[in-house]
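Take the position in the sequence shown, starting the count at 1, then add 7; the result is the number in the working numbering. All C-beta atoms in this analysis are idealised placements derived from N, C-alpha and C, irrespective of residue type, glycine included.
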Amino acid sequence: MSRADAVLFDLGGVLIDWNPRYLFRKLFADEAAMEHFLAEVCGTIWNIELDAGRSFDDGLAEALARAPEHADMIHAYRDRWAEMLAGPIDGTVAILEALHAAGVPLYALTNWSAETFPIALAKYPFLALFRGIVVSGEERLVKPDPRIFHRTVQRYRLDPRRTVFIDDSLPNVTAAAHYLGMPALRFTGPDQLRADLAALGFAPG
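Structure representation (C-alpha cells):
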C-alpha cells in the first residue's frame, strides 16, 4: 500500500458518544424493562431502518402498532432524541483536530437518520472540520453495504487504497477493507487509534 493521505471517520462511537440508554435510564425505573424495550420495541433493526432513510413518522407508527402500551417511550425516542447524546469523545476529537491542523483531508461516513443528524451538526462544531460527510439516512443506504462506501469515494474522488477508514463496528471495517481495499482501523479507544494512525504515517499528536 502506498502511503495513506486521507482519513474517513465514522461518527457515532468514534467521535460522538451516542447511546439510547442515556435517555431511557431516566424514563425506566427497571433496567431489565428498559433493555426489553430497546431490544423488542425500538430495537437495533428498527433503528437501522431509520438510519437507512425510513421516516420517524413511519417508524413510530409501526412501533406504536406493535406496542401501544409503550406509547410514551416510543414518542420519547424522537421527542427527546438529543438526550441520547452524551457528548464528544474528547480524545478522538483531539486527534481529528491535529490531523486537520496538519492539512490531512478529512471525511466522514456515518449511519445516522437524516432527521436527527442536523441536531449533531448544530451541537458539535468539530464536524465542520470535515471536507464532506456522507449520512446514511440521506443516501438510503447503511454500512456495511459496499455501495455506500463506493458512493463516498466516488463523490469525493478518494483513492480507497490511500484513505484510512475508522469505525467502531467490525462488520463495517471488514467491508471497507474487503470491498474497497481500504486500510481500515477498528476503533477501540483514542490511544489505540493514535498508535494505529502513527503506524500508517500520520502524526496525530
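In this chain, the alpha helix (DSSP H) harbouring residue 160 covers 153-162.
Sorting 55, 209, 80 and 20 by C-alpha distance to the C-alpha of residue 36 places 80 at the top. By the Cβ rule, the segment 128-141 counts as touching the segment 106-120, because three or more pairs are nearer than 8 Å. Under the Cβ criterion (8 Å, minimum of three pairs), the segment 15-31 counts as touching the segment 178-198. The DSSP-derived three-state label of residue 119 is coil. Of the other Cβ atoms in all chains shown, fewer than 16 fall within 10 Å of the Cβ of residue 202; this residue is therefore exposed. If you draw a straight line from the Cα of residue 34 to the Cα of residue 13, it comes to about 42 Å. When rounded, the separation of the alpha-carbon atoms in residue 132 and residue 187 is 30 Å. According to the DSSP assignment, residue 98 belongs to the alpha helix (DSSP H) that extends over 97-108. DSSP, reduced to helix, strand and coil, places residue 171 within a strand of the structure shown. Shown here, residue 59 sits in coil according to DSSP, grouped into three states, outside any helix or strand. The secondary-structure analysis by DSSP pairs residue 24 across a beta bridge with 94. Only residues of its own chain outside the window of five on either side were considered, and among them 41 have a CB closer than 6 Å to the CB of residue 31, listed in chain order. Secondary structure of residue 16 (DSSP, three-state): strand. Boundaries of the beta strand (DSSP E) harbouring residue 191: 191-193, taken from the DSSP string. For residue 180, the enclosing alpha helix (DSSP H) begins and ends at 177-187.
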